[in-house]
Amino acid sequence: MSGHGTPIPMTSHPCGPLTGEARVPGDKSISHRALILGAMAVGETRITGLLEGEDVIDTAKAMRAFGAEVTDHGGGEWSVHGVGVGGFAEPDQVIDCGNSGTGVRLIMGAMATSPITATFTGDASLNKRPMARVTDPLGLFGATTVGRSGGRLPMTVIGATHPIPVRYTVPVPSAQVKSAVLLAGLNAPGQTVVIEREATRDHSERMLAGFGAEITTEQTEEGRVITLTGQPELKPQTIAVPRDPSSAAFPVCAALVTPGSDVLVPGIGLNPTRAGLFTTLREMGADLTYENEREEGGEPVADLRARYSPDMQGIRVPADRAASMIDEYPVLSVVAANATGTTMMGGVKELRVKESDRIDAMARGLRANGVTVEEGEDWWAVHGLGAGNVPGGGTCESFLDHRIAMSFMVLGMAAQAPVSVDDGGPIATSFPIFEPLMTGLGAKLERT
């Protein structure tokens, strides 16, 4: 599959029980950060379990362009010989981040306080996404940016020659913005402070500490206050990337809605800032259990067992949970369609500016398959039909969005008639083994 080439129409047919073990790829968020911080350390960082999807490969290429030596040893094992904080070289070519909002925003942050210039672009989807949320705080350090109208890619970032530390309150919950500011703060003297009113995924804070940065986090009346002391010498690390909870969401949710299913998804990262979907599914009545709970590389990990759950009920998902499951709402809406009653999801305006407008994309596709959906700017509601009652039979647009395409493939597994998407190619950006993994469990996926 390719998110950049000829469209790949796909159809998901109703299937029998999904059974077996689903070994999903490594965590995408942690993979990006491991490559970037490895490039900013002095010495060799070794990484196992790296997600080898297009998004992460594009970040690896970018780190090479900035002067780091990045080597693929095969089987998810990689090494990065870093150039140190402030050691990035100026790239010879435009940096193409493909479909990855995380990649481009974190890389912009990492180079924004070095006296170099770099130009960034991406695919058609990424070039529509707003970058001002990152470039505005980077400007406070002294970086300047020139892009298309609306703060969109392609964009040139001119790094600060004499960066200054920043105190910044993140206006909307965004781990990408927080992380970009912290990465920029690495090469600024003094202390950079980021304040979050709502906590977001904390992989950057955990990994920065692991690489030897002086970083503290405290809860105050202002919110979550993260303080980073700039210009450290980061020490290389050995990083075992846990499996991605956002990828695990698809075999887990497919098992919950497909009759007779029993699927084990081993080694899933259960960082509290990422596990909101699994908490929500259990509140809906899902037969979802955690087995072999443990800690790996500073991250909580467990094996997830998901069994068919025909009695799930619609619920009101707490708005303050949105940051811990923002990427999982599309596939949650598929589960909601198979539950009884209405599932209300609020505090989710961030979904409007993801790889696509995910509320609009899912609402259109669910309606095309016989499901009633209501929506507002910051909320949406799916009126569930109960187990086995989704008609299906529709063709959905993926809008170049991997999570939209995979969500509709899950919908088709439990619908009464097949469900199709116009392009399943973008799935490769985050979950390149989605097709063989799901068909190995018993799904009936067809390239059409």
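With the first letter of the sequence shown counted as 1, position 269 gets the number 275 in our numbering; the numbers rise by one all the way through. Cβ atoms here follow ideal geometry from the backbone N, Cα and C, with glycine treated the same way. This one's a predicted model, so the numbers in the text were calculated from it and none came from an experiment.
Own chain partners of residue i with C-beta closer than 6 Å, once the 5 adjacent residues on each side are dropped
i    : result
A116 : I42 and L189
V247 : G32, D33, I36, S37, G55 and L56
T445 : L451
G44  : T51, V86 and G88
Collapsed DSSP secondary structure at residue i in the structure displayed
i    : result
K67  : helix
G165 : coil
G9   : Annotation note: pLDDT 42 at G9 (below 50); position unreliable, no value reported.
R370 : helix
E297 : strand
R280 : coil
S18  : strand
L154 : Note that residue 154 is Arg in the sequence shown, not Leu. In the structure shown, R154 sits in a strand (DSSP, three-state: E or B).
A312 : strand
E289 : helix
P179 : coil
T206 : coil
E60  : helix
P171 : coil
C259 : helix
Outcome for residue i when other beta-carbon atoms lying within 10 angstroms are tallied against a minimum of 16
i    : result
F440 : buried
V178 : exposed
V187 : buried
R409 : buried
A130 : exposed
G80  : exposed
G9   : Any reading at G9 is ruled out, since the residue's pLDDT is 42, under 50, leaving its predicted position unreliable.
T454 : exposed
E211 : buried
D78  : exposed
E227 : exposed
Q243 : buried
P238 : buried
Q225 : exposed
N193 : buried
E27  : exposed
P143 : buried
Whole-angstrom distance between residue j and residue i, CA atom to CA atom
i    : j    : result
R313 : R288 : 12 Å
Y335 : L56  : 24 Å
G156 : F126 : 15 Å
I113 : F217 : 17 Å
V416 : M351 : 20 Å
R111 : T223 : 22 Å
A255 : A411 : 13 Å
E356 : I332 : 8 Å
G376 : R135 : 30 Å
M318 : H209 : 31 Å
T162 : Y296 : 45 Å
T264 : T378 : 20 Å
R300 : G273 : 9 Å
E50  : M137 : 31 Å
M7   : T141 : Any reading at M7 is ruled out, since the residue's pLDDT is 37, under 50, leaving its predicted position unreliable.
R373 : S362 : 17 Å
R358 : E383 : 8 Å
R158 : D293 : 43 Å
A47  : G371 : 45 Å
E204 : R249 : 25 Å
E202 : M69  : 28 Å
T279 : A215 : 17 Å
T401 : H168 : 53 Å
V323 : G291 : 13 Å
D429 : E60  : 16 Å
M368 : T349 : 14 Å
R327 : D98  : 42 Å
W385 : N277 : 25 Å
heavy atom of the ligand GDP below 7 Å from residue i C-beta
i    : result
P242 : Among the components modelled here there is no ligand, and therefore nothing to report on the ligand GDP.
Contacting residues, own chain, Cβ-Cβ under 8 Å from residue i (five flanking each side not counted)
i    : result
P20  : G398, G418, M419, A420, A421, Q422, A423, P424 and K450
K184 : V176, V200, E202, T206, S210 and I232
Cβ shell of residue i (< 7 Å), same chain only, five flanking positions each side left out
i    : result
C259 : V337, V340, V341 and V416
E381 : I365 and A369
Checklist entry - Counting Cβ pairs closer than 8 Å, one from the segment 431-444 and one from the segment 99-109, do we hit at least three? => result yes
Next on the checklist: Quick test of the definition: if touching needs 3 or more C-beta pairs under 8 Å, does the segment 168-175 touch the segment 140-158?
Outcome noted: Short answer: they touch.
Checklist entry - Between the segment 342-362 and the segment 389-407, do at least 3 Cβ pairs fall closer than 8 Å? => result yes
Item to check | the segment 226-244 touching the segment 196-213, judged by at least three CB pairs closer than 8 Å | outcome: yes
Next on the checklist: Does the segment 13-28 come into contact with the segment 80-98, if we say contact requires no fewer than three beta-carbon pairs (one atom in each stretch) closer than 8 Å?
Outcome noted: no
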